[in-house]
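First comes the structure, then the notes that go with it.
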Amino acid sequence: MIKHYKPSGRYSVATIHNGVAYLCGHYASDLSKDIKGQTEEALDSIDKSLLEIGTDKSKMLSVMIHLKTMDDYAEMNSVYDNWVAKLPPARTCVVGEMFSNDCLIEVTVTAVV
């Protein structure tokens, strides 16, 4: 059975199947912030979504990070490294075009529920 958490229009905040949650991309609500601020907001949003579906970041299987530019890689990692558990999940970090020129990061997570 597939569960859709908070479906709206084009996507659901999470889709859960066979005990695995697939979260949609999370990004900062305040796009005027720098990469550190946007990373903190995106990761905080992920924490909240994971808790709402009954899990937490300690059960993450993978993280996909999209950056607007690799110039932000080190600063993003300074925030990410403090957020992620001692046993970090698999991770991919790529550069991609964002939905807004002001968006510097979008993060997607897969986690066990």
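Numbering (the working numbering), first residue to last: 829 to 941.
All residues carry an ideal CB built from backbone N, CA and C; glycine is no exception.
Note that the structure is predicted; figures quoted are calculated from it, not measured.
- For the pair of segments examined, the segment 883-892 was found not to touch the segment 856-866: the number of CB pairs separated by less than 8 Å stays below three.
- Judged by DSSP in its simplified three-state form, V907 adopts helix.
- Here V940 really is in contact with V848; their C-beta atoms are around 6 Å apart, less than 8 Å.
- For I874, the uninterrupted alpha helix (DSSP H) run begins and ends at 863-880, by DSSP.
- The alpha carbon of D875 has as its nearest neighbour, out of D862, S860, S906, V891, the alpha carbon of V891.
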